[in-house]
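Here is the structure we will look at, set down as structure tokens.
Protein chains in written order, with my numbering: chain A, 32 to 250; chain B, 10 to 249; chain C, 1276 to 1323.
And the structure:
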């Protein structure tokens, strides 16, 4: 546990010093948020109806964009090699890195998104459910992103391939995240439970898959 | 399975079986097409367009079956380290991808006269679309990674992760759509299928299955041959 | 099959498309197999 915390702290410090992560992701998020009303048209009623979906999709794409950062640097300078030979199992290394990604990219975006939704005429009543569902969903988003990152860590054009591999995995989170942000408690309640279940499942399964992929590249 | 572990033995068996498999495939297609275009009646609601079912549904079945085989082969590669498992998975993918594409295309051609739309986002179609993406991603991984054993290791994970994902997606989209369109349910082929339409469907299903079997065995033979060539080249290069 | 029925074109298109792609797939698989077989034969002849 101490090694895990240490690794997490190291990654957070690195992210803070380099500042690449949340800034770029937020910038992308805002850019898309500007393009959407231009593309869809200024009709407020349409924007309001589409706002939760658009916010969720933009969140997915922003997290996806930052996915290849998760392992790349440590892979390239050999740190991942060293970590893989340490006492800490590679699965925990993946967990630490996914958590760092969550704390520095997915979570801040998930917190900001509902409020930025005001730009899309989001209903005020929807802000709180959206916040809750996005925070919960963002856990799965980062963990699944780590799977994609590990599968393509050494590939030149890995970015496009990550999208093809990861986006299908994001569909269930999108579906249940959206239904969890509706006002209707009968739908939102079970959806939040399912979202939590998916977060827990990915907490276990993602490190397994990602570590296996990394071992293939570290050989 | 262990008897097939030796590539030479596998090739001997495959070569012996292939002529018969091709003959069976041809016969099945002949009988199936005769049933599909000849004896099967027009549907009382859809008219002649129901005949598209006889090329659409078998293609969809085949696409799903092939992906399951890829996932099974990948699992066997991981658990038992069966030497032919990776080859089996790799060679099955392009065949399954073509079937998947045909399922999507013929589905579109069926949907336009039947529902008035080239495409709808119901659970079944969405899952089939995602399956196409999974095939593309899997094949891309083999292309993108140069070192064969590393490509194999990564591909196994892609296949298995994708395999788990398909039913989850189908379930979530089904649920999502039930919230949004409670009324219409798109049923392909009607609620119950008449026997005169069922047997051509099953025969065509078998035809596609045997076609896959034939093409898969030939592909595995090519792949094993290509590997042998590469090994020979490496061995000879080292000698000089 | 009534070739003059409504939407018969869609049916024809489906079968033709399926035929083209299956034929193409077969061609790809079988031609590749022939190519590999020949190359392998060549290589084994070269062996001293």
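Ideal Cβ placement from N, Cα and C applies to all residues, glycine included.
Asked, Found
"Ordered list of alpha helix (DSSP H) runs contained in the segment 129 to 190 of chain B, each at least 4 residues", "132 to 153, 157 to 189"
"Any C-beta of chain B under 8 Å from that of residue 195 of chain A", "yes"
"Chain B contact residues for residue 233 of chain A, given Cβ-Cβ distances below 9 Å", "Within chain B, no residue comes near residue 233 of chain A; the closest Cβ sits about 11 Å away, beyond 9 Å."
"Neighbour-count burial assignment, residue 240 of chain B, 16 or more Cβ in a 10 Å radius", "exposed"
"8 Å Cβ cutoff met for residue 168 of chain B and residue 228 of chain B", "no"
"C-beta neighbour in chain A for residue 191 of chain B, strict 8 Å", "Below a pLDDT of 50, predicted positions are generally treated as unreliable, and residue 191 of chain B, at 47, falls in that range; no measurement from the model is reported."
"Within chain C, partners of residue 121 of chain B - CB distance below 7 Å", "1285"
"Same chain, Cβ closer than 7 Å to residue 59 of chain A, five either side skipped, listed in chain order", "93, 96"
"Residue 48 of chain B classed as buried or exposed, judged by whether at least 16 other C-beta atoms fall within 10 angstroms", "exposed"
"Selected residue, minimal CA-CA separation from residue 105 of chain B, among B:45, B:17, B:16, B:67", "B:67"
"Per-residue contacts from residue 1312 of chain C into chain B (C-beta, under 7 Å)", "234"
"Cβ-based burial, residue 69 of chain A [other Cβ within 10 Å; buried from 16]", "exposed"
"Closer than 8 Å to chain A by CB, residue 195 of chain B", "Annotation note: pLDDT 48 at residue 195 of chain B (below 50); position unreliable, no value reported."
"Rounded Cβ spacing between residue 233 of chain A and residue 166 of chain A (contact assumed at less than 8 Å)", "15 Å between Cβ atoms; not a contact."
"Three-state class that DSSP yields for residue 52 of chain B in the structure shown", "strand"
"Neighbourhood of residue 137 of chain B by C-beta, 8 Å cutoff - its chain only, sequence neighbours within 5 removed", "69, 72, 109, 112, 113, 116"
"Chain C contacts from the segment 47 to 62 of chain B (Cβ-Cβ distance under 8 Å)", "47, 51, 56, 57, 58, 60, 61"
"Member of B:50, B:156, B:219 whose CA lies at the smallest distance from the CA of residue 26 of chain B", "B:219"
"CB of residue 164 of chain A within 8 Å of CB of residue 223 of chain A, strictly", "yes"
"For residue 1313 of chain C, the three-state DSSP class (helix, strand or coil)", "helix"
"Whole-angstrom distance between residue 246 of chain A and residue 158 of chain B, CA atom to CA atom", "12 Å"
"Contact check, residue 75 of chain A vs residue 154 of chain A, beta carbons under 8 Å", "no"
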